[in-house]
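Visitor: Residue numbers (the working numbering): 2 to 140.
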Amino acid sequence: RGHEELSPNMTAHLLLKGSSKVAITTRFANHSLSLAYVDALRSQGVETRMVINNSDNHSRNHSSGIQDFCFLKHANRLVGQGLSTFSFWAGYLGNSNETIMYAVKGEAATAPHLQWFSYNWTNPKLRNRFQYEIYDSDR
C-alpha cells in the first residue's frame, strides 16, 4: 500500500510532457503494464526504451540493480514515485538537472515516508533540483 503509480496515460501527459527521450527501468520487460507505459509515451511522440533489470540474468540485454542505479544517477531528468528510495537517492547523489518525486493523493500522499515532500533543502543546488508533486488518482 502507498506505492500507487500514475496510469500510463497520466504519466505521459503530466509527468513526462515535453520529454523527447525516456528510458524506463523495470524488472518486468514483457509485463502488460510496462508495455502500456511504453505505448502511452510513444503515442505522445516520445522516444522510449526499457532498461530491463533481471538479477538472475546479467547478459547484454539485462542489467543489475546497481547498473540501474548508476544509469538513473546519470539521467538529465529523473522522475520517481515518492516512496521510491531508489529514485530519491539516485536524484540526491546524481547530477540530474531536475528530479521529480511524485505521489498519488490518498494514503501514499500522507504517509510519514514522504516527509521530504516538505523538506526545506539548505543546499541551493538540491533545492533547485528536487520537485515534489502530488496528483489525483485517475483509477
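By construction, the Cβ of each residue, glycine as well, lies at the ideal position given by its N, Cα and C atoms.
Since the model is a prediction, treat every value here as computed from it, not as a measurement.
1. Are the Cβ atoms of Val39 and Thr49 separated by less than 8 Å?
2. Which full runs of the alpha helix (DSSP H) of 4+ residues lie inside the segment 76-105, going along the chain?
3. Quick one: measure Cβ to Cβ for Val105 and Leu16, integer angstroms, because I've assumed they're closer than 8 Å.
4. To the nearest angstrom, how far is the alpha carbon of Gln82 from that of Phe29?
5. Alpha carbon to alpha carbon, how far is Met102 from Ser33?
6. Comparing C-alpha positions only, which one of Asp139, His4 and Asn77 sits nearest to Ser20?
7. Rounding to the nearest angstrom, what Cα-Cα distance links Met11 and Val52 in this structure?
8. For Phe87 versus Phe70, is the C-beta spacing smaller than 8 Å?
9. Is DSSP giving Tyr38 helix, strand or coil here?
10. Which word fits Ala41, buried or exposed, when buried means at least 16 other C-beta atoms lie within 10 angstroms of its C-beta?
Guide: Reading it off the structure:
1. In the sequence shown, residue 39 corresponds to position 38, counting from 1. In the sequence shown, residue 49 corresponds to position 48, counting from 1. Closer than 8 Å, so yes.
2. 86-94
3. For the purposes of this step, residue 105 is identified with residue 104 of the sequence shown, where counting begins at 1. For the purposes of this step, residue 16 is identified with residue 15 of the sequence shown, where counting begins at 1. Not really, about 11 Å apart at Cβ, beyond 8 Å.
4. Taking the sequence shown and counting its residues from 1, one reaches residue 82 at position 81. Taking the sequence shown and counting its residues from 1, one reaches residue 29 at position 28. Looking at the two C-alpha atoms, the distance is approximately 17 Å.
5. Position 101 of the sequence shown holds residue 102. Position 32 of the sequence shown holds residue 33. Met102 and Ser33: Cα-Cα distance of roughly 24 Å.
6. On the sequence shown, residue 20 is found 19 positions in, with the first residue counted as 1. The candidate whose alpha carbon is nearest that of Ser20 is Asn77.
7. By 1-based counting over the sequence shown, the position of residue 11 is 10. By 1-based counting over the sequence shown, the position of residue 52 is 51. Roughly 21 Å separates the two Cα atoms.
8. Residue 87 sits at position 86 when you count from the first residue of the sequence shown. Residue 70 sits at position 69 when you count from the first residue of the sequence shown. Against a cut-off of 8 Å, the Cβ pair of Phe70 and Phe87 comes out as a contact.
9. To locate residue 38, count along the sequence shown from 1; it is residue 37. Here Tyr38 sits in helix by DSSP.
10. Numbered from its first residue, the sequence shown carries residue 41 at position 40. Here Ala41 is buried: its Cβ has 16 or more other Cβ atoms, across all protein chains shown, within 10 Å.
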